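Student:
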Ligand SMILES: [Zn+2]
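Numbering (this note's numbering), first residue to last: 91 to 299.
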């Protein structure tokens, strides 16, 4: 018996949307990054905006990324990425929640997400598995939703794991809390397998015996 350690990375799919009244559609609409920056450099002063577009029409809205920055103060590589509409930067700024707040942007629904990392069912030999949940971007996700997906169990079964001390360092109250920060807990695999709960879905990358 050995101990194992896995990391589950919460990685949102697509972009965080914002919601605002579209003057063209004349109602509130979701706006998503168009995939382009607008860069304006005048007299060595730089402004950069991330351009958002209405989900229904072509109306655009600019979110301030950099405002009145001296061109000498910006990392030249970052400057190039703005000029070339680097999509990783577009995405990074789309999840920059403090920046969105400074722009008084009202957030749209939380995006869907993937949980990257191995299924616990690939660890037959480990008695105790340390599981760390990390975030690519700090979207709010409830612990119960991560656990039901990765363990292929329903909410009641996850509660049962806590009661039976198969899931350690997590309380029933923690399950509904929105996680935004990394979190580590332990899963006692020997107890999990002993409980022999029927899985609700097929585990990813499961070992074949
Ligand atoms: Zn519109």
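Where a beta carbon is used, it is the ideal one built from N, C-alpha and C, also for glycine. None of the values given here were measured: they were computed from a predicted structure.
Answer with yes or no whether the minimum CB distance from residue 189 to chain D is below 8 Å.
Tutor: Among the protein chains of the structure shown there is no chain D, as only one such chain exists.
Student: Can you tell me which of 180, 249 and 277 puts its alpha carbon nearest to the alpha carbon of residue 307?
Tutor: Residue 307 lies beyond the range of the chain shown here (91 to 299); nothing can be said about it.
Student: Is residue 119 close to ligand 1? I mean its beta-carbon at under 7 Å from any heavy atom of the ligand.
Tutor: If you number the chain shown from 1, residue 119 lands on position 29. Yes, Cβ of residue 119 sits closer than 7 Å to a heavy atom of ligand 1.
Student: Kindly indicate which residue of 198, 157 and 118 has the alpha-carbon position closest to the one of residue 131.
Tutor: Taking the first residue of the chain shown as 1, we reach residue 131 at position 41. When each option's Cα is compared against that of residue 131, the closest is 157.
Student: Ignore the nearest five residues each way along the sequence and tell me which others in residue 213's own chain have a CB closer than 7 Å to its CB.
Tutor: In the chain shown, the residue the question calls residue 213 occupies position 123. Same-chain partners within the cutoff: 94, 219 and 279.
Student: What residue range does the beta strand (DSSP E) around residue 204 cover?
Tutor: Position 114 of the chain shown holds residue 204. Unbroken beta strand (DSSP E) run through residue 204: 203-206.
Student: Applying the 10 Å Cβ sphere with the 16-neighbour rule, what's the burial state of residue 230?
Tutor: Within the chain shown, numbered from 1, the residue matching residue 230 stands at position 140. Residue 230 is exposed by the Cβ-count criterion.
Student: Within 7 Å: the Cβ of residue 114 and any heavy atom of ligand 1?
Tutor: As a first step, residue 114 is located in the chain shown; it is residue number 24 there, counting from the start. Correct: residue 114 has its Cβ closer than 7 Å to ligand 1.
Student: Helix, strand or coil: which one does DSSP assign to residue 199?
Tutor: Residue 199 sits at position 109 when you count from the first residue of the chain shown. In the structure shown, residue 199 sits in coil (DSSP, three-state: anything other than H, G, I, E or B).
Student: Please find out if some non-hydrogen atom of ligand 2 comes closer than 7 Å to the beta-carbon of residue 134.
Tutor: Because ligand 2 does not appear in the structure shown, any question about it cannot be addressed here, the ligands present being ligand 1.
Student: Within its chain, find whatever has a CB closer than 7 Å to the CB of residue 266; leave out the 5 residues flanking it on each side and keep chain order.
Tutor: Taking the chain shown and counting its residues from 1, the one referred to as residue 266 is at position 176. Correct list, in chain order: 232 and 234.
Student: Please report the residue range of the beta strand (DSSP E) in which residue 143 lies.
Tutor: As a position in the chain shown, residue 143 is number 53, starting the count at 1. That run of the beta strand (DSSP E) goes 135-144.
Student: Report the residue from 288, 144 and 246 whose alpha carbon sits nearest the alpha carbon of residue 211.
Tutor: Within the chain shown, residue 211 is the residue found at index 121, counting from 1. Nearest option by C-alpha distance: 288.
Student: Starting from residue 164 and walking both ways along the alpha helix (DSSP H), at which residues does that stretch end?
Tutor: For the purposes of this step, residue 164 is identified with residue 74 of the chain shown, where counting begins at 1. No alpha helix (DSSP H) holds residue 164; DSSP gives it neither H nor E.
Student: Is the closest heavy atom of ligand 1 to the C-beta of residue 242 under 7 Å?
Tutor: Counted from its first residue, the chain shown places residue 242 at position 152. Residue 242: no, Cβ never under 7 Å from ligand 1.
Student: Curious, which full-length alpha helix (DSSP H) runs of at least 4 residues does the segment 234-276 contain?
Tutor: Entirely contained in the segment 234-276, the alpha helix (DSSP H) runs reaching 4 residues are, in chain order, 245-253.
Student: Please tell me whether, using a cut-off of 7 Å, the distance from the CB of residue 142 to the nearest non-hydrogen atom of ligand 1 is below it.
Tutor: On the chain shown, residue 142 is found 52 positions in, with the first residue counted as 1. Not under cutoff, so the answer is no.
Student: For residue 224, which of helix, strand or coil comes out of DSSP?
Tutor: As a first step, residue 224 is located in the chain shown; it is residue number 134 there, counting from the start. Reduced to three states, the DSSP call for residue 224 is strand.
Student: Near residue 146, which residues of its chain fall below 6 Å by C-beta distance, leaving aside the five closest residues on each side in sequence?
Tutor: Locating residue 146 in the chain shown gives position 56, counting from the first residue. Same-chain partners within the cutoff: 115 and 119.
Student: Go ahead and pull the three-state DSSP assignment for residue 280.
Tutor: Counting from 1 along the chain shown, the entry for residue 280 is found at position 190. Residue state, collapsed to three classes: helix.
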